[in-house]
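Have a look at the structure below, then the notes.
Number of protein chains: 2
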Amino acid sequence: MVQSVARAIQILRVLGTAARGAGVTEVAERIGVAKPTAHALLRTLEAGQLVAQDHETGKYRLGPALLELGNAYLETHELRVRSVAWADGLAHRANEAVWVGVLSADHVLVVHHAFRPEGAVQILEVGAVIPWHTCALGKAIVAHLPETDRAALLRGPLAALTGATRTEPSALVQDLDGVRTTGYAVEDGEAAIGDAGIAAPVFDHTGDVVGAIGVIGPVERLLAEEARGGLAVAVRETARHLSRDLGAGRPATRRWVAAAS
Amino acid sequence: MVQSVARAIQILRVLGTAARGAGVTEVAERIGVAKPTAHALLRTLEAGQLVAQDHETGKYRLGPALLELGNAYLETHELRVRSVAWADGLAHRANEAVWVGVLSADHVLVVHHAFRPEGAVQILEVGAVIPWHTCALGKAIVAHLPETDRAALLRGPLAALTGATRTEPSALVQDLDGVRTTGYAVEDGEAAIGDAGIAAPVFDHTGDVVGAIGVIGPVERLLAEEARGGLAVAVRETARHLSRDLGAGRPATRRWVAAAS
DNA sequence: GAGACCGTTCAGTATTGCCGAACGGTGTTT
DNA sequence: AAACACCGTTCGGCAATACTGAACGGTCTC
Chain A
1 MVQSVARAIQ ILRVLGTAAR GAGVTEVAER IGVAKPTAHA LLRTLEAGQL
51 VAQDHETGKY RLGPALLELG NAYLETHELR VRSVAWADGL AHRANEAVWV
101 GVLSADHVLV VHHAFRPEGA VQILEVGAVI PWHTCALGKA IVAHLPETDR
151 AALLRGPLAA LTGATRTEPS ALVQDLDGVR TTGYAVEDGE AAIGDAGIAA
201 PVFDHTGDVV GAIGVIGPVE RLLAEEARGG LAVAVRETAR HLSRDLGAGR
251 PATRRWVAAA S
Chain B
1 MVQSVARAIQ ILRVLGTAAR GAGVTEVAER IGVAKPTAHA LLRTLEAGQL
51 VAQDHETGKY RLGPALLELG NAYLETHELR VRSVAWADGL AHRANEAVWV
101 GVLSADHVLV VHHAFRPEGA VQILEVGAVI PWHTCALGKA IVAHLPETDR
151 AALLRGPLAA LTGATRTEPS ALVQDLDGVR TTGYAVEDGE AAIGDAGIAA
201 PVFDHTGDVV GAIGVIGPVE RLLAEEARGG LAVAVRETAR HLSRDLGAGR
251 PATRRWVAAA S
């Protein structure tokens with residue numbers, strides 16, 4: 001592990017959470033290094049356009065190259081590229097907004113967002129992050145993770161975002177069991193009051209779960225008795241088609257293993 | 001300058017251009033270091049989720065954290081945040097798609113995209129990059145840069161994307177002079193055949209240009225004799241309003257200057 | 001089945017990045 | 001009005017740290 005690079009990444013994280021930017025002194029304190037060290041790191045990041053210095057206050061903010069790289073990530077992301085067509089189809093079939101997400105550490109990252117066809121003004125949620133245990137996408141993914149990974153996530157901090165957020169590991173274990181038996185995950189106001197979601201996992205040709213796709217919208221529309229069943233079927237079918245598109249079902253190739261010493 | 005961090009950034013750039021990912025050996029060759037060096041850097045970046053290793057081929061790709069950071073950049077970007085409302089207004093007034101862009105090195109980065117109201121399927125271009133000399137946004141910005149910066153950009157390589165791309169510095173100087181006299185920049189099929197753009201610069205409260213806003217669409221609609229004048233006025237007015245929103249016109253505060261030894 | 005290639009590990013060396021102290025400047029307080 | 005506190009930046013030296021060459025266990029190709 002390269003120490004200075006790890007510190008540089010910490011700096012990016014700090015600047016990402018500091019809305020109005022941060023100065024050298026503040027950055028140095030937050031990551032626990034001397035001021036000149038933080039300065040040198042910031043200057044290097046600035047040369048690469050990963051951070052930008054406000055030429056008026058002297059403070060540092062995130063830089064434009066991150067947006068470029070984030071876009072490059074999306075364009076080279078197999079799941080995201082393949083999901084675009086399927087997400088649109090699902091959005092029309094369900095008449096709801098559709099999200100495609102992947103797991104990043106302990107939260108879900110939205111990599112594609114198809115708008116609800118009839119919707120009015122909607123804001124694009126690509127790039128948004130949600131704690132895994134508060135959304136249907138996260139539960140769909142985690143339910144199909146290898147057991148050790150799943151256990152680690154269940155052990156981690158489970159913050160409560162609303163009164164309905166399930167923060168008890170035992171409750172979440174039940175949810176995840178349900179996902180594996182029904183083939184889809186449900187969220188009912190656990191991330192934001194009034195919002196619901198229905199999602200199903202997506203697999204690649206090694207059989208591992210790589211993400212999830214699902215619909216999101218108001219509780220009243222998504223979880224109404226007469227709508228819920230149909231939506232679940234539509235979501236599950238789309239996820240299966242998308243998985244096949246990624247090669248799932250083909251004979252699994254042997255997984256690549258690092259050479260051991 | 002921290003060497004290892006600079007190399008890590010180079011790695012990100014390499015992975016961003018390698019569509020199918022790249023292996024350790026390839027990365028090491030491209031940035032000119034020994035294989036174990038590249039490996040250590042990649043592992044560190046992987047720990048921070050800036051890169052991800054394909055667990056089947058062993059190759060490395062960009063990671064999800066870049067999308068998160070790119071999103072954080074957008075949300076903390078003053079120009080982008082303020083432009084959202086103005087861009088929508090302009091899109092409706094002009095009935096065309098609207099882009100907001102900033103200059104990043106020698107190309108323009110699209111930080112906001114308001115869809116054309118009547119348009120059908122349109123793909124979101126946020127995060128896209130365009131050589132500055134091939135788009136209206138770029139010309140609008142560069143025309144108002146300090147002379148030394150402008151000269152440096154005119155000296156740089158000016159690639160031809162279409163037969164109409166202006167690659168002669170003298171021709172671009174003329175364009176830039178025109179931008180300063182008319183208050184707006186025009187592009188006519190210089191980035192992609194059939195696409196045109198009209199853009200105007202946006203300033204902050206120090207009087208420096210921070211970006212540009214403009215309309216883009218087919219040549220036939222944008223540059224028709226009867227439409228062009230009205231669009232130019234609408235774009236210029238929107239840019240001025242947006243600039244005032246950012247504080248332009250207020251008494252310029254003294255610019256922040258680094259302490260010299 | 002032999003060869004080439006790839007990702008990874010290990011240990012040593014000297015390069016390189018880290019830190020304490022100091023500087024010039026700005027904004028604030030007394 | 002003047003002194004203070006704070007900030008971003010620079011400098012020089014020490015030693016921690018990151019880089020390199022060689023080697024290892026795999027997989028894929030011929």
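Listed in order, the protein sequences are those of chains A and B. For the first sequence, position 29 (counting from the first letter as 1) is numbered 29 according to the UniProt record's numbering, and the numbering increases by one without interruption. For the second sequence, position 149 (counting from the first letter as 1) is numbered 149 according to the UniProt record's numbering, and the numbering increases by one without interruption. Glycine included, each C-beta is placed from N, C-alpha and C at the ideal position. Since this is a predicted model, take the numbers as computed values, not measurements.
| request: Apply the 10 Å Cβ neighbour rule to Arg82 of chain B and answer buried if 16 or more other Cβ atoms are within range, or exposed otherwise. | output: buried
| request: Can you tell me the Cβ-Cβ gap for Gly62 of chain B and Leu69 of chain A, rounded? I've got them flagged as a contact below 8 angstroms. | output: In the sequence as displayed, the identity of residue 62 of chain B is Leu instead of Gly. Indeed, because the Cβ distance is near 6 angstroms, the residues count as touching under 8 angstroms.
| query | Exposed or buried, which one is Gly230 of chain B when buried takes at least 16 other CB atoms within 10 Å? | reply | So Gly230 of chain B counts as exposed.
| query | What do you reckon, are the CB atoms on Leu154 of chain A and Val202 of chain A nearer than 8 angstroms? | reply | no
| field | Terminal residues of the alpha helix (DSSP H) in which Leu137 of chain A lies | value | From DSSP, the alpha helix (DSSP H) with Leu137 of chain A extends over 136-142.
| message | Assuming Val14 of chain A is part of the alpha helix (DSSP H), what are its boundary residues? | response | 3-17
| message | Please report the distance separating the alpha-carbon of Pro36 of chain B from that of Leu90 of chain A. | response | Distance between the alpha carbons of Pro36 of chain B and Leu90 of chain A: 46 angstroms.
| request: Starting from Glu68 of chain A, find everything on chain B with Cβ-Cβ shorter than 8 angstroms and list it in chain order. | output: Gly16, Gly70, Ser104, Leu109, Gly127, Val129
| query | Which runs of the alpha helix (DSSP H), 4 residues or longer, sit entirely within the stretch 181-253 of chain B? | reply | Listed in chain order, the complete alpha helix (DSSP H) runs (minimum 4 residues) inside the stretch 181-253 of chain B are 219-222, 225-245.
| Within chain B, the residues that Ser4 of chain A reaches when beta carbons sit closer than 7 angstroms | Val2, Ser4, Val5
| message | If the criterion is Cβ atoms closer than 8 angstroms, does the pair Ala185 of chain B and Lys139 of chain B meet it? | response | yes
| message | Relative to the C-alpha of Gly197 of chain A, which candidate in A:Ile123, A:Glu147, A:Ala227, A:Thr206 has its C-alpha closest? | response | A:Ala227
| query | Checking contacts by CB at 8 angstroms: is Gln122 of chain B closer than that to chain A? | reply | no
| request: For Leu41 of chain A, go through chain B and note every residue whose CB falls closer than 9 angstroms to its CB, in chain order. | output: Val2, Val5
| query | Ile216 of chain B CB to nearest chain A CB: under 8 angstroms? | reply | no
| Expressed to the nearest angstrom, what Euclidean distance is found between the alpha-carbon atoms of Arg254 of chain B and Lys59 of chain A? | Reliability of the predicted coordinates at Arg254 of chain B is poor, the pLDDT of 49 falling under 50, and the value obtained from them is presented with this limitation in mind. The straight-line gap from Cα to Cα measures roughly 15 angstroms.
| said: Measuring alpha carbon to alpha carbon, tell me which residue in B:Trp132, B:Ile213, B:Val219 is nearest Arg236 of chain B. | reply: B:Ile213
| request: Report all residues from its chain with a CB closer than 7 angstroms to the CB of Ala234 of chain B; omit the five preceding and five following residues, and keep chain order. | output: Close CB contacts of Ala234 of chain B within its chain, under the 7 angstroms cut and outside five residues either way in sequence, are with Leu90, Arg93, Ala94 (chain order).
| task | Since I believe Gly48 of chain B is in contact with Ala192 of chain A (beta carbons under 8 angstroms), could you give me their beta-carbon distance rounded to a whole number of angstroms? | result | With a Cβ gap of about 28 angstroms, Ala192 of chain A and Gly48 of chain B do not count as contacting.
| field | Under the three-state DSSP convention, the category residue 262 of chain A falls into | value | Because chain A here runs from 1 to 261, residue 262 of chain A falls outside it and cannot be looked at.
| 8 angstroms CB neighbourhood of Glu46 of chain B in its chain, flanking five on each side removed | Result list for Glu46 of chain B: Ala52, Gln53, Tyr60, Gly63, in chain order.
| said: Below 8 angstroms on the Cβ atoms is my contact criterion, and I expect Gly127 of chain A with Val110 of chain A to pass it. Report the Cβ-Cβ distance as a whole number of Å. | reply: 7 angstroms
| query | Taking the continuous beta strand (DSSP E) assigned at Leu132 of chain A, which residues delimit it? | reply | Before going on, a small fix: residue 132 of chain A reads as Trp here, not Leu. Looking at the DSSP string, Trp132 of chain A is not in any beta strand (DSSP E), and its letter there is neither H nor E.
| task | Could you tell me whether any Cβ in chain A is nearer than 8 angstroms to the Cβ of Gly23 of chain B? | result | With respect to chain A, the C-beta atom of Gly23 of chain B has no partner C-beta closer than 8 angstroms.
| task | Check Leu41 of chain B in the structure and name its three-state DSSP category. | result | Reduced to three states, the DSSP call for Leu41 of chain B is helix.
| said: Rounded to whole angstroms, what is the Cα-Cα separation between Glu225 of chain B and Arg166 of chain B? | reply: 22 angstroms
| said: Please identify, using Cβ separations under 8 angstroms, the residues of the stretch 150-175 of chain A that lie next to chain B, in order along the chain. | reply: none
| field | Proximity winner among B:Thr162, B:Thr238, B:Ala160, B:His144, relative to Gly207 of chain B (alpha-carbon distances) | value | B:His144
| field | Element boundaries [alpha helix (DSSP H), containing Val102 of chain A] | value | Element bounds for Val102 of chain A: not the alpha helix (DSSP H) but the beta strand (DSSP E), 97-104.
| Could you give the distance in angstroms between the alpha-carbon of Ala252 of chain B and the alpha-carbon of Glu56 of chain A? | Note on Ala252 of chain B: pLDDT 49, under 50, position unreliable in the model; no value is reported.
| said: Give me the residue from A:Ala151, A:Ala114, A:Val179, A:Gly183 with the minimum Cα distance to Pro169 of chain A. | reply: Among A:Ala151, A:Ala114, A:Val179, A:Gly183, the Cα nearest to that of Pro169 of chain A is on A:Ala151.
| Closer than 8 angstroms, CB to CB, is Thr148 of chain B near chain A or not? | no
| query | Ile9 of chain B versus chain A: which residues are under 7 angstroms apart at the beta carbon? | reply | Gly48, Leu50
| Which term fits Asp177 of chain B, buried or exposed, when burial requires 16 or more other beta carbons within 10 angstroms of its beta carbon? | exposed
| task | Spell out the partners DSSP gives Val110 of chain A in its beta bridges. | result | A:Gly101
| task | In the DSSP assignment, find the alpha helix (DSSP H) that holds Ala94 of chain B and state where it starts and stops. | result | 78-94
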